[in-house]
Amino acid sequence: MIAFQDVHKYYGEYHALRGITATIRAGEFFSLLGPSGCGKTTLLRTIAGFEGISSGAVMIDGRNMAGVPANQRPTNMVFQSYAIFPHLSVGENVGFGLRKARLPKAELAAKVAEALDMVGLDGYGDRAAHALSGGQRQRVALARALILKPKVLLLDEPLSALDKKMREQMQVELIRLQRQVGITFILVTHDQEEALVMSDRIAVMFEGEIAQLADPETLYRRPNSRKVANFIGTMNFLPAKILSETGGKIEIEAQGFGQLTLEAEQAPGAASGDGAAVGFRPETLTILFEGQTATDRESMATIEEVVYYGDMTYYDVRLDGTEKPIRISMRNVFGRPVLEIGERTRVTWSSGALVMFR
Amino acid sequence: MKGGWFKVYAIGYLLFLYAPIILLPMFAFNDATVIAFPLSGFSTRWFSAMLEEPTLRIAVKNSLFIAVTSSVLATTLGIFAARASTRYRFPMKTGLMGLIMLPLVLPEIIVAVSLLVVLLGLGINLSLWTVILGHVLICTPFCIAILSSAFQSLDQSLEEAAYDLGESAASTFRLIILPLVMPGIISSLLISFTISLDEFIIAFFLAGTEPTLPVYIFSQFRFPAAVPVIMALGTVLVCLSILLLTIAEYFRRRGIAKSGGKDTGGFL
């Protein structure tokens, strides 16, 4: 559907995109995730045609987009500021893209009504656009872009201006809308949770490069670098070293865990130069309470910090034989006590939950 | 008394500002040739005399022509410059914009004299168009200042959105940018119209034999008998100014209400 072939972009001396090569499939909900300044918005704008590229190629449907201006590309964009035309009514905003088609009045009205209905704003056509709330503006922007039935809908941080509740509601609605219309959605976001919730696949970007491109679960469970692991959720690290690597198995020695055998897929990344380590998510380790038995393996640990969140408790514990504490998150269960600082406890874990960083 | 002196100051200030203007209609409707109290009775004869003055008619016509043409030209140039300065980056931008804005602080007499020298040197005959030239020169910086703020407050993604929805650069400008900066354009037209209409020095130097309104008024003050007519003319001009200002303010407020912006002050 969309293919980036070694795309580079320079702003003067500044190297904004550093060799982006990726393919976005037709009909998928794709996210570009990264901190501000990582080039994700620039990359999105190269698809829309608002930014030229310095070298490489951007292909849409097998067609090289070089020299094709934004108003002739099969893409439409929802802007961060929504860019609702303030001097037009809601209906005129939504129907704006169809102006060129010169449809009969009744047909245009029907299409506008249909688009407004799709985003849950039926009957808003005659309202002044400037009188809308943030969430409603967002919907108008969506309707305005989707009415043209583009091949690709580009969303530039569309939810960042909304409050938390509204944002969560719009996330669900966007997913529903995307399934309904079947158009490829490309979302730019700096919010890892948003990307995980909404996307079929995510490209994590740092400093003009794609660090990892995968589905949300792979990204969360098997990040290929410490940077990706830290950007998405929380990841604990303990120093480790590789003893041997043979036939899809990796033999390691990790602090706090001892000698282990991992599958090759548990070490997806290349060497970083920061020294090898094993990483694991806070919820993959479980504290064993009185009478519980280990599901897989077991280590002894000391509680160093307790953070109580109501539904969850975060424990910072130090495994025996390690120097720095790791974080474990535990769901609170009725009748089970919250442990206290200084208590000794047993921790169970499974080697399958570990990720090896070389 | 707290604030007492401020009150006195404020009232004194307003009196100084507006009392002379109130005197205009008083003497315009006064049935006497001499501008002095006591008033000697109501009369509209100075207005009739004004309407029958052929030179005055020509002067008004000339001034309106100059003011309308200058304001349209200056605003058009202002749109280009304001657009360029707010949207594009180009080498030596700050220096160039500074040079364009310079006539704002340049003494008008210098502009007038140097223009006169150049025009005469080029062998161009002085006419209303040479006055327009001078007026466009001094009005354009004002237009740019007003229009820059109008263009600055325009969200760039509005343009991109229209372009993204299939419009060309030209139709985007017509459908989105122009309507949204219209209040700025109207203010710019108005300000440059006003500047041009009562501009004296450049008109005096560059008009050749054609009279403009300020030049005519100045010349008439030599004849005591003509002074009441000038008072009548002044009265008409004051009324027209107030009317014009009211219309402009109406459009400005409507524009703001239409685009849902915040009212950040205006003329009234």
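Chains G and W, in that order, give the protein sequences. Take 82 as the starting number for the first sequence in the numbering used here and just add one per residue. Take 580 as the starting number for the second sequence in the numbering used here and just add one per residue. Backbone N, C-alpha and C fix where the C-beta goes; we use that ideal spot for every residue, glycine too. All figures in this text were calculated on a predicted structure; none of them were measured in a lab.
Report the partner residues of residue i according to the DSSP bridge assignment.
i	result
leucine 236/G	Val159/G, Leu268/G
phenylalanine 608/W	DSSP lists no partner for phenylalanine 608/W.
tryptophan 625/W	The partner list for tryptophan 625/W (beta bridge, DSSP) is empty, contrary to what the question assumes.
methionine 381/G	Arg427/G
methionine 393/G	Arg412/G
isoleucine 323/G	Ile333/G
valine 436/G	Gly360/G
glutamine 293/G	Val285/G
glutamine 153/G	DSSP, once it has assigned bridges, lists no residue as partnering glutamine 153/G.
Count the other C-beta atoms from every protein chain shown that fall within 10 angstroms of the C-beta of residue i, then say buried if there are 16 or more, exposed otherwise.
i	result
phenylalanine 318/G	buried
glycine 148/G	exposed
alanine 182/G	exposed
tryptophan 584/W	exposed
alanine 276/G	buried
alanine 615/W	exposed
leucine 726/W	buried
arginine 624/W	exposed
tyrosine 597/W	exposed
serine 766/W	buried
aspartate 87/G	exposed
valine 684/W	exposed
valine 388/G	exposed
glycine 360/G	buried
aspartate 237/G	buried
cysteine 722/W	buried
arginine 666/W	exposed
lysine 90/G	buried
threonine 814/W	buried
arginine 425/G	exposed
glutamine 259/G	buried
glutamate 739/W	buried
Using a Cβ-Cβ cut-off of 8 Å, state whether residue i counts as contacting chain W.
i	result
alanine 129/G	yes
leucine 229/G	yes
methionine 199/G	no
asparagine 145/G	no
methionine 158/G	yes
glutamine 86/G	no
Pull up the distance between the alpha-carbon of residue i and that of residue j, whole angstroms please.
i	j	result
glutamine 153/G	lysine 640/W	50 Å
glycine 133/G	threonine 127/G	6 Å
tyrosine 205/G	serine 162/G	20 Å
alanine 409/G	glutamate 386/G	At residue 409/G the sequence reads isoleucine, which differs from the alanine that was named. When rounded, the distance between both Cα atoms is 10 Å.
leucine 179/G	leucine 227/G	11 Å
serine 112/G	threonine 270/G	7 Å
serine 736/W	alanine 164/G	6 Å
glutamate 371/G	proline 297/G	35 Å
alanine 351/G	arginine 307/G	11 Å
leucine 184/G	glycine 289/G	43 Å
isoleucine 717/W	leucine 656/W	12 Å
glutamate 334/G	alanine 321/G	6 Å
aspartate 244/G	arginine 220/G	15 Å
leucine 847/W	isoleucine 780/W	Bear in mind that the predicted position of leucine 847/W carries a pLDDT of just 43, short of 50, making it unreliable; the figure below should be weighed with that in mind. Their Cα atoms are separated by approximately 29 Å.
leucine 796/W	leucine 812/W	The residue you asked about is not leucine; residue 796/W is isoleucine in the sequence shown. If you take the alpha carbons of isoleucine 796/W and leucine 812/W, they lie about 9 Å apart.
arginine 801/W	glutamine 731/W	48 Å
leucine 114/G	threonine 123/G	12 Å
Taking residue i as the query, report the chain W residues whose CB atoms sit under 7 Å from its CB, ordered along the chain.
i	result
phenylalanine 166/G	Leu737, Ile755
lysine 181/G	Gly745
Would a check of beta-carbon distances place residue i closer than 8 Å to chain G?
i	result
glycine 763/W	no
alanine 729/W	no
alanine 782/W	no
alanine 805/W	no
alanine 660/W	no
alanine 884/W	A query on residue 884/W cannot be resolved here, the shown segment of chain W reaching from 580 to 847 and no further.
methionine 680/W	no
phenylalanine 846/W	Note on phenylalanine 846/W: pLDDT 46, under 50, position unreliable in the model; no value is reported.
Can you pull the chain G neighbours of residue i, defined as C-beta to C-beta under 7 Å?
i	result
serine 747/W	Asn152
aspartate 734/W	Ser162, Ala164
Quick one: list the residues of chain W neighbouring residue i, beta-carbon separation under 8 Å, in chain order.
i	result
glycine 178/G	Leu744, Gly745
methionine 279/G	Residues of chain W passing the Cβ test: none, with the nearest at roughly 22 Å.
Could you tell me which chain G residues have their CB closer than 9 Å to the CB of residue i, listed as they occur along the chain?
i	result
leucine 759/W	Phe166, Pro167, His168
So with Cβ pairs under 8 Å, would you call residue i a contact of chain C?
i	result
alanine 276/G	In the structure shown, chain C cannot be found, because the protein chains are G and W.
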